[in-house]
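Residue numbers (this note's numbering): 4 to 326. Using N, Cα and C, we set each Cβ at its ideal position, and we do this for glycine too. What follows is a set of notes on a single structure, which appears directly below.
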Amino acid sequence: MRALRIYEYGEPDVLRLEELPTPAPGPGLVLVRVAAAGVNFADVQRRKGLYLEPTALPYGVGIEVSGTVAAVGSGVAGLREGQRVTGFVRAGYAEYALGRPQMLFPIPDELDFERAAALPVQGLTAYHLLRTAARLQARETVLIHAAAGGVGLLLTQLAKLMEAGTVYGTASSTEKQSLAEANGADVTLNYAEHDFVGWIKENTQGRGVDVVLEAVGGEVTTRSLSCLKPFGRLVNYGRSSGHGEPLDVRALTAQNLTVTGFYLTGLLQRSDLVAEGMRALFDHVASGRLHIVVHPFPLAEAARAHAALEERATTGKLVLLPG
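Structure, rendered in structure tokens:
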């Protein structure tokens with residue numbers, strides 16, 4: 004089978020396409036014939052050696068796929084050969100990948116493979132950022148940074164499905180603003196040209212918003228605190244800037260603010276939360292309430308997909324197609 008691995012950390016060109024033996028599923032494992040593999044910023048961080056957890060080399064890249072069950076190991080119940088599934092795997096940038104049955108979910112008939120591959124990482128992240136980390140309540144206002152990205156476009160829609168009040172979104176171009184507005188954002192700003200703190204203050208008559216969601220880190224985190232109203236909550240779920248967040252806890256105390264983090268790997272230890280999120284996402288997509296924007300790349304062009312993601316030249320979800 005064809006598969007992508009890295010043998011050193013670095014730029015996208017360290018991704019190496021190889022011919023490897025197709026793995027056989029051992030006890031308690033499932034072999035998936037991959038139809039689409041999700042591309043995530045976590046993959047970029049792994050490739051660069053910057054992930055929160057150490058990445059041992061050589062490393063098979065990719066953590067989520069959709070496809071068809073090709074074979075099941077002994078002791079596997081609930082999944083059968085030929086079944087369409089999506090979920091979490093090892094080394095997903097490949098024609099075949101292994102996963103655990105409790106982390107693979109049957110795909111509804113209404114959902115194609117490309118869109119299904121957008122749900123495990125970005126879908127669960129968006130759902131639980133709002134439901135579990137931010138604890139969003141009806142009519143609360145939300146600021147979503149990078150609102151036209153893969154997670155952002157799901158956040159804007161899910162916030163509305165959870166009965167949020169005004170949803171504010173930032174994006175890096177007028178085209179991305181339009182896309183965010185078409186997917187649930189009420190008001191958007193080009194953050195490359197304007198100050199988002201002043202914009203939020205102006206649009207909320209100085210009050211601020213209830214919730215801010217951001218994955219940039221550094222200055223964006225600290226400046227976003229100024230966008231919160233008293234008792235507001237900021238959730239950070241990444242640091243694409245590469246910088247940490249020096250927070251002054253006195254500023255939090257003075258305004259009764261809460262800052263929390265979200266790490267999907269930690270959530271995956273809670274099978275109940277994973278199942279809840281996937282059920283909700285499948286239901287929203289099947290009913291037409293949740294729209295998924297997907298941009299496919301051939302598996303052999305994974306380096307180009309990584310470069311586009313790093314350059315913020317994309318919207319929605321990037322997926323790799325092995326076939």
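Which class does E117 belong to by DSSP, given the choice of helix, strand or coil?
helix
Whole-angstrom C-beta distance between A40 and R68, which should lie under 8 Å
Note on identity: in this sequence residue 68 is Val, with Arg being the wrong assignment. Confirmed, about 5 Å.
Does the stretch 52-63 come within contact of the stretch 107-116, defined as at least 3 CB pairs closer than 8 Å?
no
Can you tell me whether DSSP reads T318 as helix, strand or coil?
coil
Distance check for G221 and T342, CA to CA, integer angstroms please.
Only positions 4 to 326 of the chain appear in the structure, and residue 342 is not among them; the question remains open.
Closest to A327 by C-alpha separation, out of T224, L122, A150 and A162, would be which residue?
With the chain represented from 4 up to 326, any question about residue 327 goes unanswered, as that position is not in the structure.
As assigned by DSSP and simplified to three states, the class of A174:
strand
Scan the stretch 175-246 and note each continuous beta strand (DSSP E) run of 3 residues or more that stays entirely inside, going in chain order.
190-193, 212-217 and 231-239
For P15, the three-state DSSP class (helix, strand or coil)
helix
Status (buried if at least 16 other CB within 10 Å, exposed otherwise) for Q125
buried
In the structure shown, what three-state DSSP assignment does P301 receive?
strand
Is there contact between the stretch 129-146 and the stretch 297-307, where contact requires at least three CB pairs shorter than 8 Å?
no
Straight-line Cα distance separating G13 from G52
8 Å
Cutoff 6 Å; reference L182; Cβ partners in own chain excluding five residues on either side:
A151 and T318
From T135 to N239, what does the alpha carbon distance come to, in whole angstroms?
13 Å
Could you name the residues of the same chain whose beta carbon sits closer than 6 Å to that of Y171, not counting the 5 residues immediately before and after it, in chain order?
L146 and V190
Distance check for A257 and I9, CA to CA, integer angstroms please.
47 Å
Measuring CB to CB, does V327 end up less than 8 Å from T128?
Past the edges of the chain, shown from 4 to 326, lies residue 327, and the structure says nothing about it.
Rounded to whole angstroms, what's the CA-CA distance from Y99 to V88? Just pull it up for me.
13 Å
If I measure Cβ to Cβ from G187 and keep anything under 7 Å in the same chain, skipping five residues before and after, which residues do I get?
T159, Q160, A162, K163 and V170
Is the Cβ-Cβ distance between G241 and A218 less than 8 Å?
yes
How would you write the range of the beta strand (DSSP E) that T261 sits in, first residue to last?
T261 to G264
Which residues in the same chain have their Cβ closer than 7 Å to the Cβ of K179, if we skip the five residues on either side of it in sequence?
A151 and T318
Please tell me whether F116 and A38 are closer than 8 Å, where the distance is taken between their beta carbons.
yes
Measure the C-alpha to C-alpha separation of D213 and A149 and round it to an integer number of angstroms.
18 Å
So, for P233: in the same chain, excluding its five sequence neighbours on each side, which residues have a beta-carbon less than 7 Å away from its beta-carbon?
Q258 and N259
DSSP state of E98 mapped onto helix, strand, coil
coil
Would you call the CB atoms of E175 and R83 closer than 8 Å?
It should be noted that the sequence gives Ser, not Glu, for residue 175. Their beta carbons are not under 8 Å apart, which means S175 does not touch R83 by this criterion.
Please name the residue or residues paired with G340 in a DSSP beta bridge.
The requested residue 340 is not part of the displayed model; the chain covers only 4 to 326.
How would you call A254, buried or exposed, if buried means at least 16 neighbouring beta carbons within 10 angstroms?
exposed
From A306 to A120, what does the alpha carbon distance come to, in whole angstroms?
19 Å
What do you get for V252, buried or exposed, if any count of 16 or more other CB atoms within 10 angstroms of its CB means buried?
exposed
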